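Undergrad: If you're matching positions, the sequence shown starts at 2 in full-length UniProt numbering and goes up one per residue.
Backbone N, C-alpha and C fix where the C-beta goes; we use that ideal spot for every residue, glycine too.
A quick note: this is a predicted structure, and the numbers were derived from the prediction, not measured.
Below are the structure tokens for one structure; questions will follow.
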Amino acid sequence: ALITLRQLLDHAAENSYGMPAFNINNLEQVRAIMQAARRMDSPVILQASAGARRYAGPNFLQKMVEAASAEFPTIPICLHQDHGASVAVCLRSIQSGFSSVMMDGSLLEDGKTPADFEYNVRVTAEATRAAHACGVSVEGELGCLGSLEQDHDSLSREQLLTDVDEAVAFVDATQVDALAVAIGTSHGAYKFSQPPTGETLAMGRIQEIHQKLPDTHLVMHGSSSVPAELVALINQFGGEIPETYGVPVEDIVKGIRHGVRKVNVDTDLRLASTAAIRQSLAENPSAFDPRQYLKASIQAMQSVCEARFEAFGSAGQA
Ligand code: G3H
Ligand code: 13P
Ligand code: ZN
2 ALITLRQLLD HAAENSYGMP AFNINNLEQV RAIMQAARRM DSPVILQASA
52 GARRYAGPNF LQKMVEAASA EFPTIPICLH QDHGASVAVC LRSIQSGFSS
102 VMMDGSLLED GKTPADFEYN VRVTAEATRA AHACGVSVEG ELGCLGSLEQ
152 DHDSLSREQL LTDVDEAVAF VDATQVDALA VAIGTSHGAY KFSQPPTGET
202 LAMGRIQEIH QKLPDTHLVM HGSSSVPAEL VALINQFGGE IPETYGVPVE
252 DIVKGIRHGV RKVNVDTDLR LASTAAIRQS LAENPSAFDP RQYLKASIQA
302 MQSVCEARFE AFGSAGQA
């Protein structure tokens, strides 16, 4: 059976651990995450983006998760909609069986233009009222995901980072179950051009927000660690990924000590999968059964998931 984000993150807070939330688009990702969860005895958050719904189709996503819950009956699963751009998107996900939705009102419906605080409060409060009436949890987002490394055309560092007082007002006005905060991370593999420092990765902001909102579950987006060994493997087998750095696991673990309960990871599984497939194809040039390289992909993603369950402390909590 599915559990809500609220149930899962309340348990995480009581037991001082963090939950990785992995994105799913296909069977291989679902298997990798579930097999890792069974091995490490961890609950899971499976999250599907708008891109995932376009790629796999909402029916396939939902039925894959139903299959996962039948095959792994001891693992609590939260099925979460990642980055809903409107209340309507959230309502459709609730209708199709998600136990949690993200209403991302930090951006307008185009998913690009930064929204103002009033807009964000209005759409998030509306989504939350509807979701709670259906027993579904809501994650909101305040602040702008994006690199602090270079000057942004229009927004300063302070405008990008989540403001502490605004966070308090936002949670009060919207009643969200979890709050995604902006601390200098961005989606994808190119977060930092050199190892992040306290200036570029503002973990201190997490502490400040947690002090004012000790009972709010904080969420970190753009939290792939971009392991150097996976980038090296991709490049060794024909890839061309320039030097790049992600969010170090140690920093995430510090965040978990200060109220971070959900940690979004998508890119690391993409890197693991691509590295394994490139290696498998390069080493077996006459092979053509996709199950061979997709099995390698599952194994590589599974080992990333196991490492995150262990590091974030959710291992043993299922
Ligand atoms: O929000 C970012 C996640 O990594 C999902 O990415 O929109 O390409 O599926 P996507
Ligand atoms: P990454 O690109 O760092 O994996 O972040 C994923 C994410 O935040 C999904 O919402
Ligand atoms: Zn995100």
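With DSSP run on the structure shown, which of helix, strand or coil describes residue 1?
TA: With the chain covering only 2 through 319, there is no way to say anything about residue 1.
Undergrad: In chain order, what residues of the same chain have a beta carbon less than 8 Å from the beta carbon of R54, not counting five sequence neighbours either side?
TA: Closer than 8 Å at Cβ, skipping near neighbours: L62.
Undergrad: Just confirm the distance between the C-beta atoms of L146 and A203, as a whole number of angstroms; I'd bet it's less than 8 Å.
TA: Actually they do not touch by this definition, with Cβ atoms about 12 Å apart.
Undergrad: Quick one: measure Cβ to Cβ for G247 and S225, integer angstroms, because I've assumed they're closer than 8 Å.
TA: Rounded, the Cβ-Cβ distance is 5 Å, consistent with contact.
Undergrad: Where do the ends of the alpha helix (DSSP H) carrying F310 lie?
TA: Taken as a continuous stretch (DSSP letters only), the alpha helix (DSSP H) holding F310 covers P291 to F313.
Undergrad: How big is the Cα-Cα spacing for N121 and G106?
TA: Those two C-alpha atoms are separated by around 4 Å.
Undergrad: Tell me whether E230 is buried or exposed, calling it buried when 16 or more other Cβ atoms sit within 10 Å of its Cβ.
TA: So E230 ends up on the exposed side.
Undergrad: Rounded to whole angstroms, how far is the Cβ of G19 from the Cβ of F313, which I believe are closer than 8 Å?
TA: Their Cβ separation, rounded to whole angstroms, is 4 Å, which keeps G19 and F313 in contact under 8 Å.
Undergrad: What are the complete alpha helix (DSSP H) segments, minimum 4 residues, inside the segment 72–100?
TA: The segment 72–100 contains these whole alpha helix (DSSP H) runs: 88–96.
Undergrad: Out of Q30, E142 and T125, point me to the one whose CA is closest to A49's CA.
TA: Residue Q30 is the option with its Cα nearest to A49.
Undergrad: Taking 8 Å as the cut-off, is the CB of H218 close to at least one heavy atom of the ligand 13P?
TA: H218: no, Cβ never under 8 Å from the ligand 13P.
Undergrad: The ligand ZN heavy atoms versus the CB of N265: any closer than 8 Å?
TA: Yes, Cβ of N265 sits closer than 8 Å to a heavy atom of the ligand ZN.
Undergrad: Which value, in whole angstroms, describes the spacing of the CA atoms of C79 and H12?
TA: So the alpha carbons of these two residues sit roughly 13 Å apart.
Undergrad: Taking DSSP as the reference, what is the three-state secondary structure of Q280?
TA: Here Q280 sits in helix by DSSP.
Undergrad: If I measure Cβ to Cβ from L282 and keep anything under 7 Å in the same chain, skipping five residues before and after, which residues do I get?
TA: Closer than 7 Å at the Cβ level, and outside the excluded window around L282, lie Y294.
Undergrad: What would DSSP say about E140, mapped onto helix, strand or coil?
TA: DSSP places E140 in strand when its eight states are reduced to three.
Undergrad: Starting from H218, follow the beta strand (DSSP E) in both directions and report where the run begins and ends.
TA: First-last of the beta strand (DSSP E) with H218: H218 to M221.
Undergrad: Quick check on N265: buried or exposed, where buried means 16 or more other Cβ atoms within 10 Å of its Cβ?
TA: By the neighbour-count rule (16 or more Cβ atoms within 10 Å), N265 is buried.
Undergrad: Provide the residue span of the beta strand (DSSP E) that contains A49, from first to last.
TA: From DSSP, the beta strand (DSSP E) with A49 extends over V45 to A49.
Undergrad: Please state if the CB of D117 and the CB of A86 are separated by a distance shorter than 9 Å.
TA: No; because the gap between Cβ atoms is not below 9 Å, this pair is not in contact.
Undergrad: For D216, count neighbouring C-beta atoms within 10 Å of its own C-beta (all shown protein chains included) and say buried if the count is 16 or more, exposed if not.
TA: By the 10 Å Cβ count, D216 comes out exposed.
Undergrad: Are there 16 or more other CB atoms within 10 angstroms of the CB of E241, so buried, or fewer, so exposed?
TA: E241 is exposed by the Cβ-count criterion.
Undergrad: Is the beta carbon of A181 within less than 8 Å of some heavy atom of the ligand ZN?
TA: Because some heavy atom of the ligand ZN lies under 8 Å away, the Cβ of A181 counts as near it: yes.
Undergrad: Look up Y246 in the DSSP assignment and say whether it is helix, strand or coil.
TA: Strand at Y246.
Undergrad: Determine the direct distance from the alpha carbon of S315 to that of A22, and round the result to whole angstroms.
TA: In a straight line, the C-alpha of A22 is about 11 Å away from that of S315.
Undergrad: Just checking T186 against the ligand G3H - is the residue's beta carbon closer than 8 Å to any of the ligand's heavy atoms?
TA: No, the beta carbon of T186 sits no closer than 8 Å to any heavy atom of the ligand G3H.
Undergrad: Please state whether DSSP places P59 in a helix, a strand or coil.
TA: Three-state result, P59: helix.
Undergrad: Going along the chain, which residues of its own chain have a beta-carbon closer than 8 Å to the beta-carbon of G199, five neighbours each way excluded?
TA: G205, listed in sequence order.
Undergrad: If you draw a straight line from the alpha carbon of V137 to that of F289, how long is it in whole angstroms?
TA: The straight-line gap from Cα to Cα measures roughly 43 Å.
Undergrad: At what residue ranges does the segment 141–214 contain a whole run of the alpha helix (DSSP H), taking only runs of 4 or more?
TA: You should have 158–161, 165–175 and 204–213.
Undergrad: To the nearest angstrom, how far is it from the Cα of P44 to the Cα of I76?
TA: So the two alpha carbons sit approximately 5 Å from each other.
Undergrad: Report the three-state DSSP secondary structure of V227 (helix, strand or coil).
TA: Three-state result, V227: coil.
Undergrad: E142 to D173, Cα distance in whole Å?
TA: Each residue's Cα considered, the two are about 14 Å apart.
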